[in-house]
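Numbering (my numbering), first residue to last: 170 to 514.
Glycine residues also receive a C-beta, built at the ideal position from the N, C-alpha and C atoms.
Have a look at the structure below before the remarks.
What follows is the structure, encoded as structure tokens:
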């Protein structure tokens, strides 16, 4: 996002805060129900879905509707969005509406789809550590393909950040990710898996214990303090460090007994899944009763339904960075502006 576009974005945030008006300023739009990998912690099981994908026309109409409602940032996801034959056309349409366009991808198809990827403002590539732990999480041979994808995107001048999911397999790989980030020139992001033990016991052995989580957040904060390229704000990482119980990822319909960062999902941001369901965020698949854009009233009706989102807070840095911006946290806004200047250089 350019400095001018960033200024417009912050202006819309301030207007929404002053007036109380809701608007989908930040949208994650999943465009495909297929994936070429089978990651062990996938929150949406996109590798096994039997749902028809959006048509090109449906996506263009939806993007037009989002633009009319004030959307300033769309992150395209999946499944694996680069499996779509029309993905370049979709990216171009987002950009034509003066909306920042990012993408979440597993990175393995970037070299083959570099013409499409080069149109993006930024790309988030899933990379879970060095070769052994990454391949345990994401599949044999994926590490080398992902790194080649990162190199291709950087060579094309695209801003890259990685998302590292901290499982028991990969939580010891923070040092490797930081060294590689400095070497290849990308920013880093770290998250715990979206679905933890309070949802079901599937793959329960993947999840780090609380002490492992705290050591990880301390290490990430230390790297950030030393100037390593950590994407999200210090405040969002401190909040994750101080979370009382990592097996409880959200407070849903219940106020926590600590000072918490309010959730703005459903107020200033939302998640549109590739089956057309509209959620406050991806964490709430299967928890929040979503409306679908193919139902009567389309996206506008589904968006209005999100006003009933009862989620209070979570520990995810990726969401709380935006929540802190939306509550006009000065330090987070300053870090965001600093990153914008860094990208402009």
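query, result
"Under the DSSP definition of a beta bridge, which residues are partnered with residue 198?", "245 and 441"
"Give me, in chain order, the residues of the same chain whose beta-carbon lies closer than 6 angstroms to that of residue 338; leave out the 5 immediate sequence neighbours on both sides.", "302, 305 and 306"
"Whole angstroms is fine: what's the gap from residue 431's alpha carbon to residue 182's?", "15 angstroms"
"Should residue 286 go down as buried or exposed, given a rule of 16 or more other Cβ atoms within 10 Å for buried?", "buried"
"Are the CB atoms of residue 241 and residue 268 nearer to each other than 8 angstroms?", "yes"
"Quick check: what's the CA-CA separation for residue 309 versus residue 190?", "47 angstroms"
"Taking one C-beta from the segment 469–481 and one from the segment 373–382 each time, how about it: are there three or more such pairs within less than 8 angstroms?", "no"
"Using 8 angstroms as the threshold, is the segment 323–335 in touch with the segment 351–361, meaning 3 or more CB pairs across them?", "yes"
"Using 8 angstroms for Cβ pairs, my map puts residue 193 next to residue 239. What's the rounded Cβ distance?", "7 angstroms"
"Can you look up residue 392 in the DSSP assignment and give me helix, strand or coil?", "helix"
"Within 10 angstroms of its Cβ, does residue 501 collect 16 or more other Cβ (buried), or is it exposed?", "buried"
"Cβ atoms of residue 387 and residue 410: under 8 angstroms apart, would you say?", "yes"
"Buried or exposed: residue 393, going by 16 or more other Cβ atoms within 10 Å of its Cβ?", "buried"
"Determine the DSSP secondary structure at residue 465, reduced to helix, strand or coil.", "coil"
"Report all residues from its chain with a CB closer than 7 angstroms to the CB of residue 368; omit the five preceding and five following residues, and keep chain order.", "With a pLDDT of 47 at residue 368, under the threshold of 50, the modelled position of that residue is not reliable, and no figure is offered here."
"Ordered along the chain, which non-local residues of its own chain (more than five positions away) have a Cβ less than 7 angstroms from that of residue 317?", "280"
"Can you give me the C-alpha to C-alpha distance between residue 347 and residue 389, rounded to a whole angstrom?", "9 angstroms"
"If contacts are defined as beta-carbon pairs under 8 angstroms, then residue 480 and residue 453 qualify, I think. What distance do you get, rounded to the angstrom?", "7 angstroms"
"With which residues is residue 325 paired in a DSSP beta bridge?", "The partner list for residue 325 (beta bridge, DSSP) is empty, contrary to what the question assumes."
"Just the Cα atoms here: how many angstroms apart are residue 404 and residue 508?", "15 angstroms"
"Please state whether DSSP places residue 275 in a helix, a strand or coil.", "coil"
"On a CA-only basis, which of 180, 495, 438 and 497 is nearest residue 471? Give me that one, please.", "438"
"Between residue 355 and residue 413, is the Cβ-Cβ spacing less than 8 angstroms?", "no"
"Quick check on residue 419: does DSSP put it in helix, strand or coil?", "strand"
"If residue 271 and residue 244 are in contact, beta carbons under 8 angstroms, what's the gap, nearest whole angstrom?", "4 angstroms"
"In terms of residue numbering, what span does the beta strand (DSSP E) encompassing residue 306 cover?", "Residue 306 -> not in any beta strand (DSSP E); alpha helix (DSSP H) instead, spanning 300–307."
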